[in-house]
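Numbering (the numbering used here), first residue to last: 28 to 820.
1) Could you pull out every residue in the same chain whose Cβ sits closer than 6 Å to the Cβ of residue 803, ignoring the five residues on either side in sequence?
2) Assuming residue 442 contacts residue 473 under a Cβ cut-off of 8 Å, what Cβ separation, rounded to an integer in Å, is found between them?
3) Would you call the segment 308-325 and the segment 339-351 touching, i.e. three or more CB-CB distances under 8 Å?
4) Three or more C-beta pairs closer than 8 Å, one from the segment 153-162 and one from the segment 122-140: is that the case here?
5) Tell me residue 244's beta-bridge partners as DSSP assigns them.
6) If you count every other CB in all the chains shown that lies within 10 Å of the CB of residue 760, and 16 or more means buried, which is it?
7) Determine which residues share a DSSP beta bridge with residue 517 and list them.
8) To which residues does DSSP link residue 469 through a beta bridge?
9) Is it buried or exposed, residue 769, if we count other Cβ atoms within 10 angstroms and call 16 or more buried?
10) Mind checking residue 777: buried by the 16 CB within 10 Å criterion, or exposed?
11) Curious, which full-length beta strand (DSSP E) runs of at least 3 residues does the segment 634-674 contain?
12) What's the call for residue 234, buried or exposed, on a 16-neighbour Cβ count within 10 Å?
13) Under 8 Å by Cβ, that's how I've got residue 625 and residue 666 pegged, so tell me the actual separation to the nearest angstrom.
14) Go ahead and pull the three-state DSSP assignment for residue 771.
15) Per the contact definition of three or more C-beta pairs closer than 8 Å, is the segment 672-680 in contact with the segment 652-662?
16) Consult DSSP for residue 732 and reduce its assignment to one of helix, strand or coil.
17) For residue 14 and residue 496, I'd like the C-alpha separation in whole angstroms.
18) Between 754, 587 and 40, which lies nearest to residue 716 when the distance is taken from Cα to Cα?
19) Looking at the secondary structure, which residues open and close the beta strand (DSSP E) in which residue 611 lies?
20) Given this structure, state the Cα-to-Cα distance separating residue 81 from residue 68, to the nearest angstrom.
21) In angstroms, rounded to a whole number, what distance separates the CA positions of residue 810 and residue 166?
22) Excluding the 5 residues flanking residue 174 on each side, which residues of the same chain have their C-beta closer than 7 Å to its C-beta?
23) Measuring straight from C-alpha to C-alpha, what distance separates residue 518 and residue 671?
24) Give the range of the beta strand (DSSP E) segment to which residue 587 is assigned.
25) Can you find at least 3 beta carbon pairs, one from the segment 548-561 and one from the segment 531-538, that sit closer than 8 Å?
26) Relative to the C-alpha of residue 42, which candidate in 110, 515, 505 and 117 has its C-alpha closest?
27) Within 10 angstroms of its Cβ, does residue 223 collect 16 or more other Cβ (buried), or is it exposed?
28) Answer with buried or exposed for residue 163, where buried requires no fewer than 16 other C-beta atoms within 10 angstroms of its C-beta.
29) Where does residue 801 land, buried or exposed, given buried means 16+ other C-beta within 10 angstroms?
30) Let me know the secondary structure DSSP gives residue 51 once reduced to three states.
31) Rounded to the nearest angstrom, what separates residue 317 and residue 345 at their Cα positions?
32) Give the C-beta separation of residue 621 and residue 610 to the nearest angstrom, bearing in mind that I take them to be a contact with Cβ-Cβ under 8 Å.
33) For residue 553, I'd like the list of residues in its chain whose CB is within less than 8 Å of its CB, leaving aside the five on either flank, ordered along the chain.
34) Taking Cβ positions, are residue 653 and residue 699 nearer each other than 7 Å?
35) Counting C-beta neighbours from all protein chains within 10 Å, is the total for residue 264 16 or more, i.e. buried, or is it exposed?
36) Does the beta-carbon of residue 822 have 16 or more other beta-carbons within 10 angstroms, so that it is buried, or is it exposed?
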């Protein structure tokens, strides 16, 4: 088996605010891919669903040589590109295109990984072809072919499987132990039983010296089965009584859902640079989706004294069809005077969603479940339409060598409409429909959002800062049906911003940022119509909602010791939201909940993470140790039975990781996660026990005799503090034995065993401002798979 063992440069370095990892410092197998490198880097975590986090923040964008990879699925790059083609892995918070072009920082950041290829990586074709089969109908088939030239690039990937792997990327390689440490224990597919197929084809080319064109088409289809058990505890105020006794509510629900989904996505990027001073960019995209669902839900509601209040069953068959078109465009021009820049950008979108459903519900409640009963059989049609256009104009003018000022204007028009039509179906003759006007409604909403502002930026050898100030005016006009406007409001906001970056040494970086922004309510929240699809939980919109207004303060700090290569990353985020849109819940004496959105006084969030990593080396071993500590506090509100309820939530988690390479042959990964979560409700007379989640994981990659390789990982999970039936401890053990052969080790046979102990589970807890919900979902358990993989390179 061919191995990469050359180590010429240090593993990690820091350049300004960019962490740079040298791929040559990481030992990988011959058939490894980018994911195998990322999983061994301190501060980076790669999870079994393809999610990547860097220093505790989710990576949202994957670049290859500074350019977006084909499509929007980052796994397509990290699970496709061979490790031996990689020169560097760069991790940073990418700034907006306008900031890069003008030099005036607008504060926008996206956590990004840039994969830098070696010069030889632009000449080599690569890909995987895989075929696998196992008992009980398990299979996996896929093919891929890629070439990333300097001027012309091509990518094709297709796959189909019955082992809960969705998307367009091929499976992970056999040489990596996946990271299964998550705060809510789940598996691939989100706990669903999934069969999927997908394909992606992309092409990019440099047309002459001035035009770059890239186009990607992706299509996918999935068939899912979801069997879920849910228990929810809703906390009620002491003054509320059920059967003349104060009580909280406990509800249990069992659901079975089958769904078939199909999707198509076409995306194009066009960059034109007619001269050195001007850049034109266009990014149109078209998305088409269809879905068929069938669900059966049975539910019961109890008091905390185990007295049955109500029970019901709902059967729903629905068909969804939606499409959307979006286009972003920009024109940026530099004038002759340095720093003098004019830019125009547009964002336009058009979307339509159509839903048809047949809903049959049965509900009984009251004394001995005979006082109240509902048996409804309804046909519903729902439409959502939205047209949005946004224009942004900015002009940047240098004051002198260290100071720049920017003037900007943003205008947005958003037209949205929703129409819901409900008809009662005759229980004897299903072809006979009777319109139900009380549950039907047409709603239109128009928002004109205008924003005028300026920013002043100062750069010096010691620090830089940017101060921004905007005035925002929002005009909202809403109508119901063909009638006249019943709502016409104007909101005015002041939007300040501040960004400070001290100039520290090359091994340290500090950034402080203050931002404000407003969010208008969605048409679904505004539409004043009652939805009683589930007669036990009734939802109604609120046309009187106001926009939210949020303040955030973010502090980021990076540090790297150039001698020991110890890295430190810390981030602190604090936020306050005024006019926060929250839920108001009223409960009838028989336990029926009616929910509608309202504006609240405000919510507070404080979230801090500190991550460290350090490589080490001895005579016969080398590796890295990493640690990540997160503390989060939130204070949110809701309304229960017209009374204000304040929820205080504290979460503390600690992650530890150790990666060791013995004798340059054996890889061992050890990791652990311990999390603690507590929540208190101001209206509840009962204390909520804290929840403790402990996960321990170990993985090994070991060369056996005759060229065979063993990869295995074991994760043990312990859950405490949850309701009866949800306090579990179990182990998840996976193993793969593989052997490479053929010329250049291009062929590979794999024998894969997933969940050998047959104990896999999906347990998720959701904590809101008014209730706590625990759910258990049926998951894919033990399966075996024998596969042949051909690595084209």
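No residue lacks a Cβ here, since even glycine has one placed at the ideal position from N, Cα and C. This one's a predicted model, so the numbers in the text were calculated from it and none came from an experiment.
So, from the listed chains and residues:
1) Translated into the one-based positions of the chain shown, residue 803 becomes position 776. Same-chain partners within the cutoff: 256 and 790.
2) Mapped onto the chain shown, residue 442 falls at position 415. Mapped onto the chain shown, residue 473 falls at position 446. So it is a contact: roughly 5 Å between Cβ atoms.
3) yes
4) no
5) The residue you call residue 244 lines up with position 217 of the chain shown. Paired residues: 228 and 293.
6) By one-based count along the chain shown, residue 760 stands at place 733. Residue 760 should be labelled buried.
7) Position 490 of the chain shown holds residue 517. In DSSP, residue 517 forms a bridge with 502.
8) Here residue 469 corresponds to residue number 442 of the chain shown, with the count starting at 1. The partner list for residue 469 (beta bridge, DSSP) reads 446.
9) By one-based count along the chain shown, residue 769 stands at place 742. Looking at its Cβ environment, which holds fewer than 16 other Cβ atoms inside 10 Å, residue 769 is exposed.
10) In the chain shown, the residue the question calls residue 777 occupies position 750. Classification of residue 777: buried, given that the 10 Å Cβ count is 16 or more.
11) 648-667
12) Within the chain shown, residue 234 is the residue found at index 207, counting from 1. The residue in question, residue 234, is exposed, as its Cβ has fewer than 16 Cβ neighbours within 10 Å.
13) The sequence position of residue 625 within the chain shown is 598, counting from 1. The sequence position of residue 666 within the chain shown is 639, counting from 1. Right, the Cβ-Cβ distance comes to about 6 Å (below 8 Å), so this counts as a contact.
14) Start at 1 with the first residue of the chain shown, and residue 771 comes out as number 744. If DSSP states are grouped into helix, strand and coil, residue 771 belongs with the helices.
15) yes
16) The residue you call residue 732 lines up with position 705 of the chain shown. Correct three-state label for residue 732: helix.
17) The requested residue 14 is not part of the displayed model; the chain covers only 28 to 820.
18) The residue given as residue 716 occupies position 689 in the chain shown. Checking every option, the nearest Cα to that of residue 716 belongs to 754.
19) Translated into positions along the chain shown, residue 611 becomes position 584. It spans 608-614 - the beta strand (DSSP E) in which residue 611 sits, taken as one unbroken run.
20) Numbered from its first residue, the chain shown carries residue 81 at position 54. Numbered from its first residue, the chain shown carries residue 68 at position 41. Their backbone Cα atoms lie some 10 Å apart in a straight line.
21) Translated into positions along the chain shown, residue 810 becomes position 783. Translated into positions along the chain shown, residue 166 becomes position 139. The straight-line gap from Cα to Cα measures roughly 10 Å.
22) Residue numbering aside, residue 174 sits at position 147 when the chain shown is read from its first letter. Only 152, 180 and 181 meet the Cβ criterion.
23) By 1-based counting over the chain shown, the position of residue 518 is 491. By 1-based counting over the chain shown, the position of residue 671 is 644. Roughly 25 Å between the two C-alpha positions.
24) Within the chain shown, residue 587 is the residue found at index 560, counting from 1. Unbroken beta strand (DSSP E) run through residue 587: 575-587.
25) no
26) Along the chain shown, one-based indexing puts residue 42 at 15. Ranking 110, 515, 505 and 117 by Cα distance to residue 42 puts 117 first.
27) Numbered from its first residue, the chain shown carries residue 223 at position 196. Classification of residue 223: buried, given that the 10 Å Cβ count is 16 or more.
28) Taking the chain shown and counting its residues from 1, the one referred to as residue 163 is at position 136. Looking at its Cβ environment, which holds fewer than 16 other Cβ atoms inside 10 Å, residue 163 is exposed.
29) Stepping through the chain shown from its first residue, residue 801 is reached at position 774. By the 10 Å Cβ count, residue 801 comes out buried.
30) Taking the chain shown and counting its residues from 1, one reaches residue 51 at position 24. Here residue 51 sits in helix by DSSP.
31) Stepping through the chain shown from its first residue, residue 317 is reached at position 290. Stepping through the chain shown from its first residue, residue 345 is reached at position 318. Taking the straight line joining both Cα atoms gives about 11 Å.
32) In the chain shown, counting from the first residue as 1, residue 621 sits at position 594. In the chain shown, counting from the first residue as 1, residue 610 sits at position 583. About 10 Å separates the two Cβ atoms, so there is no contact after all.
33) To locate residue 553, count along the chain shown from 1; it is residue 526. Hits under 8 Å: 470, 472, 505, 568, 569, 570 and 572.
34) Indexing the chain shown from 1 puts residue 653 at position 626. Indexing the chain shown from 1 puts residue 699 at position 672. No, these two residues do not count as a Cβ contact at 7 Å.
35) Translated into the one-based positions of the chain shown, residue 264 becomes position 237. Flag for residue 264 reads buried.
36) Coverage of the chain is limited to positions 28 through 820, which leaves residue 822 absent and any answer about it impossible.
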